[in-house]
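J.:
2 protein chains.
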Amino acid sequence: MKAEIIAVGSELLTPDYLDTNSLFLTRGLREAGFEVHLKSVVGDSAEDMAAVIRSALSRSSVILTSGGLGPTEDDITRRVVAEVLERPLRLDPALVEAIRERFASRGYTMASINERQAEVIEGAEILENPRGTAPGQWIEARGVRLALLPGPPREIEPMFESAVMPRLRRLGAGRRLAERSFRVIGLTESEVDARVAPIYTAYQPRVSTTILAAAGHIALRSSQWVAQGEQARELEELAARIDQALGDAIYTTSDEPLEEIVGYLLAQSRRTVAVAESCTAGLLGWRITRVAGSSSYFLGGVLCYSNEVKTELCGVPRELLDQHGAVSAEVAEALARGVMRRFSSSIGLAVTGIAGPGGGTAEKPVGLVYVGIADSGQAVHFRRVLPGDREAVRERAVFFALAALRRFLLPPAP
Amino acid sequence: MKAEIIAVGSELLTPDYLDTNSLFLTRGLREAGFEVHLKSVVGDSAEDMAAVIRSALSRSSVILTSGGLGPTEDDITRRVVAEVLERPLRLDPALVEAIRERFASRGYTMASINERQAEVIEGAEILENPRGTAPGQWIEARGVRLALLPGPPREIEPMFESAVMPRLRRLGAGRRLAERSFRVIGLTESEVDARVAPIYTAYQPRVSTTILAAAGHIALRSSQWVAQGEQARELEELAARIDQALGDAIYTTSDEPLEEIVGYLLAQSRRTVAVAESCTAGLLGWRITRVAGSSSYFLGGVLCYSNEVKTELCGVPRELLDQHGAVSAEVAEALARGVMRRFSSSIGLAVTGIAGPGGGTAEKPVGLVYVGIADSGQAVHFRRVLPGDREAVRERAVFFALAALRRFLLPPAP
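Which chain is which? The protein sequence lines are A and B, in order.
When the letters of the first sequence are read in order and numbered with numbering that gives the first Met the number 0, they come out as residues 0 to 413.
When the letters of the second sequence are read in order and numbered with numbering that gives the first Met the number 0, they come out as residues 0 to 413.
1) Residues of chain B with a CB under 9 Å from the CB of residue 135 of chain A: which are they?
2) At a Cβ threshold of 8 Å, is residue 431 of chain A touching chain B?
3) Look up residue 272 of chain B in the DSSP assignment and give the residues it is bridged to.
4) Within 8 Å, do at least three Cβ pairs link the region 68-75 of chain A to the region 108-124 of chain A?
5) Under 8 Å, Cβ to Cβ, is there at least one residue of chain A near residue 256 of chain B?
6) Among A/258, A/387, A/176, which has the Cα closest to the Cα of residue 29 of chain A?
7) Taking the CB atoms as reference points, tell me whether residue 304 of chain A and residue 288 of chain B lie closer together than 8 Å.
8) Below 9 Å on C-beta distance, what does residue 113 of chain A contact in chain B?
9) Given a limit of 9 Å on CB to CB distance, which residues of the region 63-79 of chain A reach chain B?
10) Could you name the residues of the same chain whose beta carbon sits closer than 7 Å to that of residue 80 of chain B, not counting the 5 residues immediately before and after it, in chain order?
11) 8 Å is my cut-off, CB to CB: does residue 387 of chain B come that close to chain A?
12) Just confirm the distance between the C-beta atoms of residue 4 of chain A and residue 90 of chain A, as a whole number of angstroms; I'd bet it's less than 8 Å.
13) Tell me, which residues are paired with residue 381 of chain A by DSSP?
14) At the 8 Å Cβ level, is residue 363 of chain B part of the contact set with chain A, yes or no?
15) Using DSSP with H/G/I as helix, E/B as strand and the rest coil, what is residue 363 of chain B?
16) How about residue 372 of chain A and residue 403 of chain A: are their beta carbons less than 8 Å apart?
17) With residue 177 of chain B as the anchor, note down where its beta strand (DSSP E) starts and where it stops.
18) What ranges does the beta strand (DSSP E) occupy inside the region 135-213 of chain B, keeping only unbroken runs of at least 3 residues that lie completely in it?
19) Is the number of C-beta pairs between the region 186-196 of chain B and the region 164-173 of chain B that are closer than 8 Å three or more?
20) Which residue wins for smallest C-alpha separation from residue 417 of chain A, given the options A/178, A/376, A/296, A/313?
21) Below 8 Å on C-beta distance, what does residue 36 of chain A contact in chain B?
22) Which value, in whole angstroms, describes the spacing of the CA atoms of residue 295 of chain B and residue 263 of chain B?
23) Give the residues of chain A in contact with residue 301 of chain B, contact being defined as C-beta atoms less than 9 Å apart.
24) Between residue 125 of chain B and residue 137 of chain B, what straight-line distance do the alpha-carbon atoms span, to the nearest angstrom?
25) Chain A partners of residue 280 of chain B, CB-CB under 7 Å?
26) What are the boundary residues of the alpha helix (DSSP H) that includes residue 263 of chain B?
27) Which ranges would you report for the alpha helix (DSSP H) in the region 84-109 of chain B if only whole runs of at least 4 residues count?
28) Going by DSSP in three states, residue 229 of chain B sits in which element: helix, strand or coil?
29) What's the call for residue 57 of chain B, buried or exposed, on a 16-neighbour Cβ count within 10 Å?
30) List the residues of chain A whose Cβ lies closer than 9 Å to the Cβ of residue 367 of chain B, in chain order.
31) Please list the partners that residue 332 of chain B has in chain A, where partner means a Cβ-to-Cβ separation under 7 Å.
32) Reducing DSSP to helix, strand and coil, say where residue 5 of chain B ends up.
33) Could you give the first and the last residue of the continuous alpha helix (DSSP H) run that contains residue 57 of chain B?
34) Check whether the Cβ atoms of residue 27 of chain B and residue 164 of chain B sit closer than 8 Å, and answer yes or no.
35) Is it true that the CB of residue 221 of chain B sits closer than 8 Å to the CB of residue 201 of chain B?
36) Looking at chain B, which residues of the region 192-217 of chain A have a Cβ within less than 8 Å of any of its Cβ atoms?
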């Protein structure tokens, strides 16, 4: 049940790009019972690609390739796989038509090089690509299953889910990696480890656990391989103990993004929110509105990058800015109150901070962020000095603001 | 002058981790005249690692491994490389002592398993590790240079810089990769290829060119290896011809993000901008403010998610919204004018569109986006139907808006 992933593309061999597709491919393979034992990245060299595919055929039962299915000269995956498998490559007239129609529906004329994308390896099944012109291919050869998938994440993700996963699940025959995950906010990686290491080490090696510091949260993941019909009993027991040890520092056990949790809490309590963003300059509003349907609780916001805007649009008194500075608890609360009134929302959420690289002082260092939250009854603030460069501080500030809003929205403990 | 990178570690085969060391290793290798043509990730399997190293020895002149040099059972890099090279592994007593002292200086007693880290492949030079206990090794065998390096970024980075780069530079003898890059907006990948393929294919293989569709733009990169003192004459000639073929669809030739170009044009002409964002809900403001120092030309904005906000904060007449709908040329222009007045900026930039998944109609499909731009003299709009899901539409809408603003800011052609 060994799987291997081959990413194709010269850009993945530069200092600028990483193959990130392999992450969700790995997640899917594990769910279907396959363990990824090797990953490779090759460029547009037919010789290298052929060598890697030959080796893969000799040691893996599933091979997934991503990339190299485009219409240009350097898109060579189809041709190389056909050569290695010693099978002809044939132009599929129906596919040519489908690609031509796809172009036409967008008002473009198909360039003739795009025909190349309709070349199919003999015996391959076509995997439809609703998001692009390059179809995928599924091939069984020498006891190995190969899936040739496109490179762009927005094309490969839906194709993998809809066309490859069902095939993998059939092959996996019920073996699966049972997983439980926890996302924690408000504790450091070492604090999380100190609380849970005494617990999870007792379940090793049957259940393996990893702790990972991500932007704005700590991710904990425990997993156990189980055969069809088998229960992941140790995993469930461990998960219950972790749950108890971390309590409500866990904001989700389902990999749900924080903005969905917050959206759910807002919708459930029929409250609306408006944002005032200084240093984040829109990132908070963008994140809140990643949730489809967020327009029912998100009314809008103000990007109050300058002090004038803080005063004129968010009603922060000039004196408050002069006395405490734009990055202060007082201004964070005033911004929250001001944007709430301006938008007639139930809640105002404000972020003000020093993202850097310049602008820090000994008293107010780069990374200092205040979050203000107001509703009709009160205004509160939260302070944190966040690590990292300009972009990291801004991203973490958004997580910090959403985590604070989540706390604010949680019903009081009984 | 081909190089290959092998990352070792089971955690790099999970859905949570990527091998990021290869990025700076690649940068260094290119600087020293080596081209990375293959990257692999293997777990703690001796069989897989041996297979990959054997293949690498047959096709590359430099091999860098990272990871697997620790003291535990699953740290097998030293042993596997020794086996493949058929050279003995010998305990180096001086190294044992150095590791013991390192532990002692931190108040620890060295556990006996740590002795394993002092095992050296016959003929290898030791690469010191000031940040950890695992020393690296530099080996010449069968005409190939191998460097065994530790996995943790804080250990591998200084070791690579101080011990490996000087050796690579000597080997490279002044050879380097000359590069020219172009970023294009407003054309599809196939359109770009159709225009430039006849040109760049004529320079192959001496100059290699890749075309990559990124979110919102197409990236073109041409590169040519040159020896010490040599000029990249073909590359420069090709670049001039590409420049002519693509004209001002090229928005930068320096890998500069679009927001930097726009920032430069704004600062240069001493103009300021404010934004009105509907469907993008902050992403545009966030992107503009990624540029440090953007506060000199970015005044702020309004996230006008609801129609009320469009009217009350951005001064869009109610009748206009009723008559044309929020996603229309008229409203895009009115938003741009309104936000310009509200913020007293020289320019107003507005985005309104249907990001989906819901809300589309036959007449106004999901993906329809209008960008409005206003200054004191005029208001203009741009219309586009953008492909992709909710997030892709929003990201592309931001690029589309920035590209439109760039056009607006460009001095008229002479």
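C-beta: ideal position from N, C-alpha, C; glycine also.
T.: With the structure as the only source:
1) Taking the first sequence and counting its residues from 1, one reaches residue 135 of chain A at position 136. Ordered by position in chain B, no residue passes the 9 Å Cβ test against residue 135 of chain A, which lies about 17 Å from the chain.
2) The displayed coordinates of chain A run from 0 to 413. Any statement about residue 431 of chain A would go beyond what the structure contains.
3) Counting from 1 along the second sequence, the entry for residue 272 of chain B is found at position 273. Per DSSP, B/297, B/346.
4) yes
5) By one-based count along the second sequence, residue 256 of chain B stands at place 257. No, no contact with chain A.
6) Taking the first sequence and counting its residues from 1, the one referred to as residue 29 of chain A is at position 30. Comparing Cα-Cα distances from residue 29 of chain A to each of A/258, A/387, A/176, the minimum goes to A/176.
7) Here residue 304 of chain A refers to the residue found at position 305 when the first sequence is read from its first residue. Here residue 288 of chain B refers to the residue found at position 289 when the second sequence is read from its first residue. Yes.
8) Numbered from its first residue, the first sequence carries residue 113 of chain A at position 114. The answer, in chain order, is 189.
9) 69, 70, 71, 72, 73
10) As a first step, residue 80 of chain B must be located in the second sequence, where it is residue number 81. For residue 80 of chain B, where only same-chain residues beyond five positions count, the Cβ hits under 7 Å are 52, 120, 145, 147.
11) Along the second sequence, read from residue 1 onward, the residue named residue 387 of chain B stands at position 388. At least one chain A Cβ lies under 8 Å of residue 387 of chain B.
12) Taking the first sequence and counting its residues from 1, the one referred to as residue 4 of chain A is at position 5. Taking the first sequence and counting its residues from 1, the one referred to as residue 90 of chain A is at position 91. Not quite, the Cβ-Cβ distance comes to about 28 Å (not below 8 Å), so this is no contact.
13) Translated into positions along the first sequence, residue 381 of chain A becomes position 382. Answer is A/370.
14) Within the second sequence, residue 363 of chain B is the residue found at index 364, counting from 1. No - not a single Cβ of chain A is within 8 Å of the one on residue 363 of chain B.
15) Residue 363 of chain B sits at position 364 when you count from the first residue of the second sequence. Note: residue 363 of chain B maps to coil in three-state DSSP.
16) Here residue 372 of chain A is taken as the residue at index 373 of the first sequence, counted from 1. Here residue 403 of chain A is taken as the residue at index 404 of the first sequence, counted from 1. In contact: residue 372 of chain A and residue 403 of chain A (Cβ atoms closer than 8 Å).
17) The residue given as residue 177 of chain B occupies position 178 in the second sequence. Run containing residue 177 of chain B: 175-183, per the beta strand (DSSP E) assignment.
18) 135-140, 143-148, 175-183, 207-213
19) no
20) Since the first residue shown for chain A is 0 and the last is 413, residue 417 of chain A is missing from the structure and cannot be characterised.
21) The count along the first sequence starts at 1 and reaches residue 36 of chain A at position 37. By Cβ distance, chain B contributes 12, 41, 42, 44, 47.
22) Translated into positions along the second sequence, residue 295 of chain B becomes position 296. Translated into positions along the second sequence, residue 263 of chain B becomes position 264. Approximately 11 Å between the Cα atoms of the pair.
23) Counting from 1 along the second sequence, the entry for residue 301 of chain B is found at position 302. Within chain A, the residues near residue 301 of chain B are 299, 300, 301, 302, 312.
24) The count along the second sequence starts at 1 and reaches residue 125 of chain B at position 126. The count along the second sequence starts at 1 and reaches residue 137 of chain B at position 138. So the alpha carbons of these two residues sit roughly 6 Å apart.
25) Working through the second sequence from its first residue, we reach residue 280 of chain B at position 281. Close partners of residue 280 of chain B in chain A (Cβ separation under 7 Å): 284, 285, 288.
26) The count along the second sequence starts at 1 and reaches residue 263 of chain B at position 264. Element bounds for residue 263 of chain B: 257-267.
27) Positions of the alpha helix (DSSP H) runs, each at least 4 residues long and wholly inside the region 84-109 of chain B, are given as 92-104 in order along the chain.
28) On the second sequence, position 230 is the one that residue 229 of chain B refers to. The three-state reading of DSSP puts residue 229 of chain B in coil, since its state is none of H, G, I, E or B.
29) Taking the second sequence and counting its residues from 1, the one referred to as residue 57 of chain B is at position 58. It counts as exposed.
30) The residue you call residue 367 of chain B lines up with position 368 of the second sequence. Those do not exist, as residue 367 of chain B stays about 13 Å from chain A at its closest Cβ, beyond 9 Å.
31) Position 333 of the second sequence, counted from the first residue, corresponds to residue 332 of chain B. Correct list: empty, because the minimum Cβ distance to chain A is about 19 Å.
32) The residue you call residue 5 of chain B lines up with position 6 of the second sequence. Here residue 5 of chain B sits in strand by DSSP.
33) As a first step, residue 57 of chain B must be located in the second sequence, where it is residue number 58. That run of the alpha helix (DSSP H) goes 45-58.
34) For this step, residue 27 of chain B is matched to residue 28 along the second sequence. For this step, residue 164 of chain B is matched to residue 165 along the second sequence. Going by C-beta atoms, residue 27 of chain B is nearer than 8 Å to residue 164 of chain B.
35) By 1-based counting over the second sequence, the position of residue 201 of chain B is 202. By 1-based counting over the second sequence, the position of residue 221 of chain B is 222. Going by C-beta atoms, residue 201 of chain B is not nearer than 8 Å to residue 221 of chain B.
36) So the close ones are 209, 211.
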